[in-house]
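Here this note's numbering is used: the first residue of the sequence shown is 6, the next is one more, and so on. All C-beta atoms in this analysis are idealised placements derived from N, C-alpha and C, irrespective of residue type, glycine included. Owing to the predicted nature of the structure, the values given are computational and were not obtained by experimental measurement. Reading through the structure tokens given below for one structure.
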Amino acid sequence: MRIFIASFALLFTIASYSQEVFDLNVENESLVSVIKSLSRKYDLKFSYSPRVLSKHKISKNLSARSQAELISKVFEDLPFELKLRDGIYLVIPKKVEPKSDPIIGQVYDNDSGEPLAFAHVKTKEKGTLSSQNGRFSLPPSQDTVTLTVSYIGYKDLELKVAPNQENLTLRLNQDPQELPEVVLTSEADNFNPDPSFFSLNPQQFSSLPMLGETDVFKSLQLLPGVRATDETSSGLVVRGSLPSQNLVLMDGFTLYNLDHFFGIFSTLNPNAINNVSIYKGGFGPQYGGRISSVIDVAGKNGGVEKFNGYAGLNMLSFNTTLNIPLGRKTSALIAFRQSTTGVVNSDLYQDFLTSSRQNYLESISPELNTINLSPSLTFSDINAKIQHRFSNRSVFDVNLYASEDIYNANYAEGDDFAEYTVLDESNWANVGISMNLRSHIKPNWFNTTTLSASEYREDESLSITQTFFEDIAFNGDTIEANSSFEYFNYTIGSSVGDVTIKSHNEVDLENGNVFSGGVEINSISTNYETEQSFLVDLTSTAGYTDTLTIEAGIFSLYGNYEFRKDDITANIGLRASHYEPTEKWYMEPRFDMGIKINDQFSVKGAATFHHQFITQTSLSILQNSDQFYWIMADDKIIPVQRSTHFIFGGNYNFNRWSIDLEYYSKRTEGIIESQFLVLPPEIIEVLLQQKLNLSGENYSEGMDLFIKYRNKTFTSMLSYSLGRSENSFWYRNQNNPYPSAQDQRHELNFTNIIKLGKWELSSVFLLGTGQRYTPSNPEYGIDNDTVSFYDLTRINQSRLPAYKRLDLSAKYNFNIGSLSCESGVTFFNVLNNKNIKSRKFTARYIFDEQSDIAGATDELILVPLDTQLLGFTPNFFFNIRF
């Protein structure tokens, strides 16, 4: 019994002890007071700094089964750690780790919700430019920083950003007092390590003098290194390379033709464009498939805030744009453009067609040189975008695009004996569609997934027919009256289609560096069909047909690491592409670097490697315009083109001036001369059997200088290009170089824009070396008519006269009620210089007036046919925004 009672007493004592509770109940009491209270109540000892702990107050209602548990709960969530030494609790402040997350956000227009590309975002220490999607990333900071955002035409935004803030949304308000101008932004405006990069804000294209419609690509031609001495081509010749070697993207789909109205306009409607980025060389691994340059066009997204629109009219076209909100998260934007030439044949319209077509007809037949031109040409294009914002982290858009040009003419010339009839018809059209999903998968991980498709199609036909009105004798036969003979008939159709899937990722790393990469899959098909017939004599005809269809798949992986350290930024990238027809992988390393020497001066450079799997060739038989067809490489007849870029330069800023200077060197292998692509297959096969290398090389080098001055009311830009472009082919002259058709030694552009109250005045002056051409063959004659018109031993050795042009523009801004209006005039080629686009040759008989005299002879000579560019041409425009 005693043992039982003792055991029960012991268990009761243990149970009673185990149920003892340690508690604390305080409300907004300083930590020092709490520690003193715990010391007295539970006989505990602490070591601490009263000065440090007095800054903290706590409010807690706690209970614990032990002193250690109670003390642990007291200091929970406080920036201190506890250590027990010899019965004394040491209260030690925790070390504060610096925040490792970068400052990430996006910049938008506050009214429309449109992302603002290449806005200036900077702290006191660092600065950057937002991407095409308005996205930016700055290195992490331990402390609160002041962030400043600026963008032309908008009020500056300044805000405090705490270290723990991420995924910022910055909205800028438009500033009507700011000069609305065409803004060409280069790395000189803010330190940007990308060499040869410019962005263009198309907000006010109408400030510049343009031929007809305001135009994005004509504005890009004002940049150094982009040839501007041909106003009838929207294809950009960049640093001595062919326009077909440029990659043109619009909202993710590829554009293969850029000409409206034989090059007067580009196919891009400026009112549907948010931003245009051009990389003249040395571009990163996210772009592939071209070897010269990249033009990346971001269309407007529309806004959900309010309905608004635009309408414009000039002597050649009508343009309208509508922004339609479809709820709080969805918007639609539609832009439509239609030529007015089908209604009104303005002098501008007639002058251009006359200058571009007359010599073409003469080159076909001398008898057609007096035909009165009366062709018809119309064009139209439409852009549409629907965007839905799932959240601040996810946006989805669908983009549609279509354009078409229709040209036809019926030329007739004759007398009482016979009549010549020429039917000349062309039709070319683009269509594109893309779907883009842009997502912030994590605050530092941004993804863009794109599914796109595009197609370019052109069809042409040309026929020459002679109809006799009277009976005639031919080779002993009689041809009855009203009989018609088709001397020449040529039809051609070509197309290129492109389907692309691409996923692009950007990850902002903890150290402020950025990794980007992705995968791209392309399926490309090209088709070419031609049929030709010609009259051998009045009793027989001859001709041929040809069809070529090629399909190819390209699978590409790419990655890029952007290293940022103090004032040094470097990009190290690689693109690997597998090309299905050759079953080979093509590796493309890319590297560029920028070093900021001080606040005014920085240097930059790049070394990159590129491949191109599709080739463009001119339809040299017709030459209605700059028509062409595309063909995929097979590395046998059509080689894969390879290009290496080396770039070095720098920029200097002081006060309101910025100067950018770059040297470039570019070598391209695998170029093909167009005439070999239209040879019959059996002839090409013979050449290949003889192991002749039909491909050649192009080497281009030069210097680009860009100087800009800007204040609140005046902007002046001077660009100068010095360059050379040479080709070499083994079969021509054992690889000895000769000038390419794109060779231009000098070009100077001087642009000025000034705002005087409601007036905006601008001028553009262009001066350039004349284009290259091949001189005539002096041995050509009536007894040796198989010799070429041209002296092929001197390819492109002659130059046309220098190109000179001065354009002026005046625009007046005013309001009618709530409507914002602008009206103005542009004067193209004010000095009326007789610039020449190209020179060809044709044979002409000089008849001896005394031919009935014995011994008299007729002489056959070569006559140059110069295609004249436009002289002095005015154009009026009126635009309204509502």
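Query raised in the report: For Phe883, which residues of its own chain have a beta-carbon under 6 Å away from its beta-carbon, when the five flanking residues on both sides are left out?
Result: Result list for Phe883: Leu318 and Ser828, in chain order.
**Report entry** Contacts around Tyr714, its chain only, beta-carbon distance under 6 Å, and the 5 residues preceding and following it disregarded
**Finding:** Arg661, Trp662 and Ser721, listed in sequence order.
* To do: Spatial neighbours of Ala486 within its chain, please: CB distance less than 7 Å, with the 5 preceding and 5 following residues excluded, ordered by chain position.
  => Answer for Ala486: Phe473, Phe474, Glu475 and Asp476, listed in chain order.
Measuring straight from C-alpha to C-alpha, what distance separates Val835 and Asp410? Val835 and Asp410 have their C-alpha atoms some 29 Å from each other.
query = On the three-state DSSP scale, how would you describe Gly860?
reply = Since pLDDT at Gly860 reaches only 47, below the 50 mark, its modelled position is unreliable, and the value read off the structure follows with that caveat. Reduced to three states, the DSSP call for Gly860 is coil.
- Does the separation of the CB atoms of Asn172 and Tyr159 fall below 8 Å? Contact: no.
Q: Report the rounded CA-to-CA distance for Val524 versus Ser561, giving the unit in angstroms.
A: The straight-line gap separating the alpha-carbon atoms of Val524 and Ser561 is approximately 6 Å.
Are the stretch 389–403 and the stretch 417–431 touching by the rule of at least three beta carbon pairs closer than 8 Å?
Touching, no, given that fewer than three Cβ pairs across the two stretches are closer than 8 Å.
Worksheet item: Going along the chain, which unbroken runs of the beta strand (DSSP E) with 3 or more residues stay wholly within the stretch 519–591?
Response: For secondary structure counted as the beta strand (DSSP E) over 3 or more consecutive residues, the stretch 519–591 holds these complete runs in sequence order: 519–542, 545–570 and 573–584.
- Message: Taking the straight line between their C-alpha atoms, what separation do you get for Ile652 and Ala612?
- Response: So the two alpha carbons sit approximately 7 Å from each other.
Using DSSP bridges, identify the partner residues of Pro744.
Looking at the DSSP output, Pro744 sits in a beta bridge with Glu731.
### Message
DSSP three-state label for Glu218, please.
### Response
Under the three-state reduction of DSSP output, Glu218 falls in the coil class, being neither helix nor strand.
Checklist line | Ordered list of beta strand (DSSP E) runs contained in the stretch 46–117, each at least 3 residues | finding: With a minimum length of 3 residues, the continuous beta strand (DSSP E) runs that stay inside the stretch 46–117 are 62–69, 85–90, 93–98 and 108–114.
Beta-bridge partners of Met598, as assigned by DSSP: In the DSSP output, where bridge partners are listed per residue, Met598 has Ala575 and Gly610.
For this session: Thinking Asn658 and Gln617 are a contact (beta carbons under 8 Å), I'd like their distance in whole angstroms, please.
Result: With 8 Å as the limit, Asn658 and Gln617 do not qualify as a contact, their Cβ atoms being about 36 Å apart.
| said: For the beta strand (DSSP E) containing Gly675, name the first residue and the last one. | reply: Looking at the DSSP string, the run of the beta strand (DSSP E) that includes Gly675 is Trp662 to Ile676.
Have a look at Gln749 and Val243 and give me their C-alpha separation to the nearest angstrom. Taking C-alpha positions only, Gln749 is separated from Val243 by approximately 11 Å.
Q: Can you check the stretch 298–336 for any beta strand (DSSP E) of at least 3 residues that lies completely inside it and give the ranges in chain order?
A: Correct list: 298–304, 313–319 and 322–330.
* To do: Can you say whether Asp857 is buried or exposed, counting buried as having 16 or more other CB atoms within 10 angstroms of its CB?
  => Residue confidence is low: Asp857 scores 47 on pLDDT, short of 50, so the model does not pin down where it sits. Its coordinate-derived value is still stated next. The residue in question, Asp857, is exposed, as its Cβ has fewer than 16 Cβ neighbours within 10 Å.
Residues sharing a beta bridge with Gln873, DSSP
Its beta-bridge partners are Ile841.
Q. At a cut-off of 7 Å, is Gln111 close to the ligand FAD when judged by its beta-carbon and the heavy atoms of the ligand?
A. As presented, the structure is devoid of all ligands, the ligand FAD included, so that no description of it is given.
Item to complete: Please report the Cβ distance between Gly230 and Lys305, rounded to the nearest whole angstrom; I am assuming they are in contact, meaning their Cβ atoms lie under 8 Å.
Response: Contact between Gly230 and Lys305 does not hold, since their C-beta atoms are separated by about 27 Å, which reaches or exceeds 8 Å.
Cβ of Ile40 within 8 Å of Cβ of Phe51? Yes; because the gap between Cβ atoms is below 8 Å, this pair is in contact.
- How do the stretch 234–248 and the stretch 436–452 stand: do at least 3 beta-carbon pairs fall below 8 Å, yes or no? Too few Cβ pairs lie closer than 8 Å, so no.
*asked:* Below 8 Å on the Cβ atoms is my contact criterion, and I expect Gly578 with Tyr591 to pass it. Report the Cβ-Cβ distance as a whole number of Å.
replied: Not quite, the Cβ-Cβ distance comes to about 15 Å (not below 8 Å), so this is no contact.
message: DSSP three-state label for Gln605, please.
response: Note: Gln605 maps to coil in three-state DSSP.
- With a CB to CB cut of under 6 Å and the five nearest residues on each side skipped, what residues in its chain are close to Thr426? For Thr426, where only same-chain residues beyond five positions count, the Cβ hits under 6 Å are Ala417 and Thr470.
**Prompt:** So, are the CB atoms of Ser239 and Leu263 less than 8 Å apart?
**Reply:** Against a cut-off of 8 Å, the Cβ pair of Leu263 and Ser239 comes out as a contact.
(request) Quickly, what does DSSP pair Asn26 with across the bridge? List them, please. (result) Reading off the sequence shown, one finds Val at residue 26, where the question assumed Asn. DSSP lists no bridge partner for Val26.
Original post:
Touch check for the stretch 265–272 and the stretch 106–125: three-plus C-beta pairs under 8 Å?
Top reply: Output reads no: the stretch 106–125 does not touch the stretch 265–272.
Asp464 versus Leu382: straight-line alpha-carbon distance, rounded
So the alpha carbons of these two residues sit roughly 15 Å apart.
What number of angstroms, rounded off, separates the C-alpha of Ser705 from the C-alpha of Trp764? Here the alpha carbon of Ser705 sits roughly 42 Å from the alpha carbon of Trp764.
- prompt: DSSP three-state call for Arg799: helix, strand or coil?
  reply: Correct three-state label for Arg799: helix.
- Message: Please tell me whether Asn435 and Tyr461 are closer than 8 Å, where the distance is taken between their beta carbons.
- Response: Yes.
**Prompt:** Can you check whether the CB of Tyr584 is closer than 8 Å to the CB of Ala547?
**Reply:** Cβ distance not < 8 Å, so Ala547 and Tyr584 don't count as in contact.
*Tell me which same chain residues have a C-beta within less than 6 Å of the C-beta of Lys127, skipping the five on either side of it?*
Contacts found: Thr153.
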